[in-house]
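Notes follow once the structure below has been shown.
There are 2 protein chains.
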Amino acid sequence: MTGQEDVAALLLSRFSLLTKLSQDDRNAIARLSFDIQSVPAHHHLVREGAPISRCCILLEGYACRHKLNAQGHRQIVSFHVRGDLLDLQHLPFETADHNIQTITKSDVAWVPSSQLQRLLIDRPAIAHALWQDALIEASIFREWVLNVGRRNALTRIAHMLCEFAVRAQALGLGTTDTFEFPMTQSDIADATGLTSVHVNRTLRRLRDSGAFEQDRHVARIRDWTQLKSIAGFDPGYLHGLGIAA
Amino acid sequence: MTGQEDVAALLLSRFSLLTKLSQDDRNAIARLSFDIQSVPAHHHLVREGAPISRCCILLEGYACRHKLNAQGHRQIVSFHVRGDLLDLQHLPFETADHNIQTITKSDVAWVPSSQLQRLLIDRPAIAHALWQDALIEASIFREWVLNVGRRNALTRIAHMLCEFAVRAQALGLGTTDTFEFPMTQSDIADATGLTSVHVNRTLRRLRDSGAFEQDRHVARIRDWTQLKSIAGFDPGYLHGLGIAA
DNA sequence: CGACAACTTGACGGGCGTCAACCGGAGTGG
DNA sequence: CCACTCCGGTTGACGCCCGTCAAGTTGTCG
Numbered sequence: 111m112t113g114q115e116d117v118a119a120l121l122l123s124r125f126s127l128l129t130k131l132s133q134d135d136r137n138a139i140a141r142l143s144f145d146i147q148s149v150p151a152h153h154h155l156v157r158e159g160a161p162i163s164r165c166c167i168l169l170e171g172y173a174c175r176h177k178l179n180a181q182g183h184r185q186i187v188s189f190h191v192r193g194d195l196l197d198l199q200h201l202p203f204e205t206a207d208h209n210i211q212t213i214t215k216s217d218v219a220w221v222p223s224s225q226l227q228r229l230l231i232d233r234p235a236i237a238h239a240l241w242q243d244a245l246i247e248a249s250i251f252r253e254w255v256l257n258v259g260r261r262n263a264l265t266r267i268a269h270m271l272c273e274f275a276v277r278a279q280a281l282g283l284g285t286t287d288t289f290e291f292p293m294t295q296s297d298i299a300d301a302t303g304l305t306s307v308h309v310n311r312t313l314r315r316l317r318d319s320g321a322f323e324q325d326r327h328v329a330r331i332r333d334w335t336q337l338k339s340i341a342g343f344d345p346g347y348l349h350g351l352g353i354a355a
Numbered sequence: 111m112t113g114q115e116d117v118a119a120l121l122l123s124r125f126s127l128l129t130k131l132s133q134d135d136r137n138a139i140a141r142l143s144f145d146i147q148s149v150p151a152h153h154h155l156v157r158e159g160a161p162i163s164r165c166c167i168l169l170e171g172y173a174c175r176h177k178l179n180a181q182g183h184r185q186i187v188s189f190h191v192r193g194d195l196l197d198l199q200h201l202p203f204e205t206a207d208h209n210i211q212t213i214t215k216s217d218v219a220w221v222p223s224s225q226l227q228r229l230l231i232d233r234p235a236i237a238h239a240l241w242q243d244a245l246i247e248a249s250i251f252r253e254w255v256l257n258v259g260r261r262n263a264l265t266r267i268a269h270m271l272c273e274f275a276v277r278a279q280a281l282g283l284g285t286t287d288t289f290e291f292p293m294t295q296s297d298i299a300d301a302t303g304l305t306s307v308h309v310n311r312t313l314r315r316l317r318d319s320g321a322f323e324q325d326r327h328v329a330r331i332r333d334w335t336q337l338k339s340i341a342g343f344d345p346g347y348l349h350g351l352g353i354a355a
């Protein structure tokens with residue numbers, strides 16, 4: 111199990127990617143109070159319409175944001191990994207506008223929203239990191255609109271894989287060649303606006319082309335140049351995830 | 111033509127929707143220096159990849175954000191109207207990740223990014239308004255991912271119209287029944303991930319159903335209940351645009 | 001080893017894209 | 001004031017990408 115100091119350390123390492131923190135900033139983060147919790151796979155961390163009083167940090171595992179249309183069909187709007195702040199997007203609001211759900215068994219930490227709000231006012235460097243984090247995510251949302259709106263199935267899935275690979279590497283979760291990827295084909299379908307049947311067909315085409323393969327929950331990019339070319343992938347919109355790319 | 115005070119007044123009225131401002135806040139906004147400019151329709155205000163040094167405010171007219179895929183096909187990710195701050199999404203970044211383009215002949219004001227960054231640090235109430243503005247827009251991006259990913263053409267277009275109608279009314283640009291709507295069918299296509307041909311067919315279905323009609327650049331919602339029902343529209347994700355809805 | 005989730009594959013159909021042609025209105029220049 | 005041009009809207013024919021339905025296989029966990 112994780113302790114309070116481990117959560118603070120994880121936050122510090124994440125913020126350090128985005129900005130330069132003073133000792134006062136570090137102390138302020140160390141003073142945050144976390145409520146740590148283990149949750150199973152497919153557990154709802156936040157539900158659309160629920161009031162926002164605390165902010166969730168993903169300590170371990172994989173999660174996603176999603177929305178449902180009137181018929182209950184799911185659209186995933188982002189994937190999340192260890193270290194991601196899952197509620198920044200909701201921070202100034204009264205109620206949640208989307209669902210946040212784990213994909214795998216996960217550990218999370220909860221912080222009262224009020225404590226984060228205070229950091230926004232008192233600690234400009236931290237505020238700057240939080241702005242960057244939230245706006246990089248907004249940039250990813252825009253890229254996903256393009257992805258589902260103006261790319262075909264092959265390109266769409268390839269693009270999603272490229273993005274995840276780059277993010278996983280930048281956050282120290284693997285290399286661009288090999289990384290953990292626990293999403294089911296049904297998850298990929300909901301993220302790309304396709305059906306799981308068509309995702310299956312399309313993944314096979316990618317496998318046959320020699321660009322990408324999967325062994326259970328481990329993804330392997332066999333030909334990065336080719337996959338990038340299929341996807342038309344340009345990582346500029348990730349803004350280096352705050353890191354000098 | 112518009113003067114410096116008019117721009118400040120427009121910003122004040124916008125921020126007042128989102129937060130409560132003190133006299134010091136108002137003074138700080140009045141001290142911003144604006145560079146005012148008239149631009150023609152289809153003019154690029156910001157180009158993807160360009161460095162960010164100033165922030166654009168739309169004083170009059172209509173604009174959109176968009177991205178291009180590898181084949182040069184356009185995806186519009188948001189529409190903008192009078193009073194919108196067009197570069198909040200880019201504020202902490204070095205370079206633009208998308209294009210911003212006028213739809214109609216427009217007036218804009220430019221503010222140095224550094225002056226806005228300063229407000230973020232010095233004026234918490236204004237910072238809060240800017241956070242809300244940026245995150246409401248992020249929420250709209252998420253809804254658009256759902257829109258293009260998990261809705262059919264009829265629902266998709268109806269949803270886009272509902273959203274625009276609600277925003278136009280909230281910002282005082284018309285009623286929910288009648289509002290200016292200068293987007294071409296090609297613009298609508300690029301916003302919904304369809305082709306202009308199919309948009310045409312689908313708009314006719316909407317017209318035939320009696321829910322919506324257009325006379326040149328004026329949109330008229332003839333049956334709001336029906337249009338909302340076709341769209342499966344729930345305005346929660348707009349967070350009242352900061353207004354008590 | 002039974003149950004269930006996830007993956008796989010095939011047949012078929014439809015929603016939307018593509019191509020092409022024509023129309024109407026607004027702006028422009030002679 | 002009229003002819004020309006061009007952009008945007010409109011409609012039809014045709015085809016493909018992807019959805020739907022259905023069945024079977026594999027993998028995993030209790």
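In order, the protein sequences belong to chains U and R.
By this note's numbering, the letter at position 174 of the first sequence is numbered 284, and the numbering carries on one by one without gaps.
By this note's numbering, the letter at position 109 of the second sequence is numbered 219, and the numbering carries on one by one without gaps.
Just so it is clear, CB atoms sit at the ideal spot from N, CA and C, and this is done for glycine as well.
Small disclaimer: the values here were computed from a predicted structure and weren't measured.
Item	Value
Please list the partners that glycine 346 of chain U has in chain R, where partner means a Cβ-to-Cβ separation under 8 Å.	Glu158, Gly159, Thr205 and Asp207
Closest Cβ-Cβ distance between alanine 329 of chain R and chain U: below 8 Å?	no
Comparing C-alpha positions only, which one of R:Gly113, R:Glu290 and R:Ile267 sits nearest to leucine 337 of chain R?	R:Ile267
Between the region 214-232 of chain R and the region 143-157 of chain R, do at least 3 Cβ pairs fall closer than 8 Å?	yes
What are the boundary residues of the alpha helix (DSSP H) that valine 258 of chain R is part of?	234-260
Out of U:Ala280, U:Val309, U:Gly282 and U:Leu281, point me to the one whose CA is closest to methionine 293 of chain U's CA.	U:Val309
Between leucine 195 of chain U and alanine 206 of chain U, what straight-line distance do the alpha-carbon atoms span, to the nearest angstrom?	15 Å
Would proline 295 of chain R pass as a contact of leucine 313 of chain R if the rule is Cβ separation under 8 Å?	With the sequence shown as reference, residue 295 of chain R is identified as glutamine, and proline is not the correct amino acid for it. Yes, Cβ-Cβ distance for glutamine 295 of chain R and leucine 313 of chain R is below 8 Å.
Going by alpha carbons, who is nearest to valine 326 of chain R out of R:His176, R:Glu290 and R:Arg184?	Per the sequence shown, the amino acid found at residue 326 of chain R is arginine instead of valine. Measuring from the Cα of arginine 326 of chain R, the nearest candidate turns out to be R:Glu290.
Can a CB atom of chain R be found closer than 8 Å to the CB of valine 187 of chain U?	yes
Whole-angstrom Cβ separation of threonine 212 of chain U and leucine 142 of chain U, contact assumed at under 8 Å?	Their Cβ separation, rounded to whole angstroms, is 22 Å, which puts threonine 212 of chain U and leucine 142 of chain U out of contact at 8 Å.
Using 8 Å as the threshold, is the C-beta distance between leucine 256 of chain R and glutamine 181 of chain U below it?	no
Pick out whichever of R:Ala140, R:Ala160, R:Leu178 and R:Lys177 has its Cα sitting closest to the Cα of leucine 201 of chain R.	R:Ala160
Which residue marks the beginning of the alpha helix (DSSP H) containing asparagine 310 of chain U, and which one marks its end?	306-319
Going along chain U, which residues have a C-beta under 9 Å from histidine 308 of chain R?	Simply none; closest approach about 13 Å.
Which whole runs of the alpha helix (DSSP H) in the region 161-236 of chain R are 4 residues long or more, in chain order?	223-232
Consult DSSP for arginine 332 of chain U and reduce its assignment to one of helix, strand or coil.	coil
Between R:Asp333, R:Ala329, R:Val328 and R:Arg311, which has its C-alpha nearest glycine 320 of chain R's C-alpha?	R:Asp333
Taking the continuous alpha helix (DSSP H) assigned at leucine 120 of chain U, which residues delimit it?	114-128
Does DSSP classify leucine 264 of chain U as helix, strand or coil?	helix
Cβ of glutamine 376 of chain R less than 8 Å from any chain U Cβ?	This structure cannot speak to residue 376 of chain R, because chain R is shown only from 111 to 355.
From the DSSP output, which residues share a beta bridge with threonine 288 of chain R?	R:Arg330
Applying the criterion that 16 or more other CB atoms from any shown protein chain within 10 Å of the CB defines a buried residue, is histidine 190 of chain U buried or exposed?	buried
With 16 as the cutoff for other CB atoms within 10 Å, does alanine 355 of chain R come out buried or exposed?	Bear in mind that the predicted position of alanine 355 of chain R carries a pLDDT of just 41, short of 50, making it unreliable; the figure below should be weighed with that in mind. The residue in question, alanine 355 of chain R, is exposed, as its Cβ has fewer than 16 Cβ neighbours within 10 Å.
Just to confirm, are histidine 152 of chain U and aspartate 300 of chain U a CB contact at a threshold of 8 Å?	no
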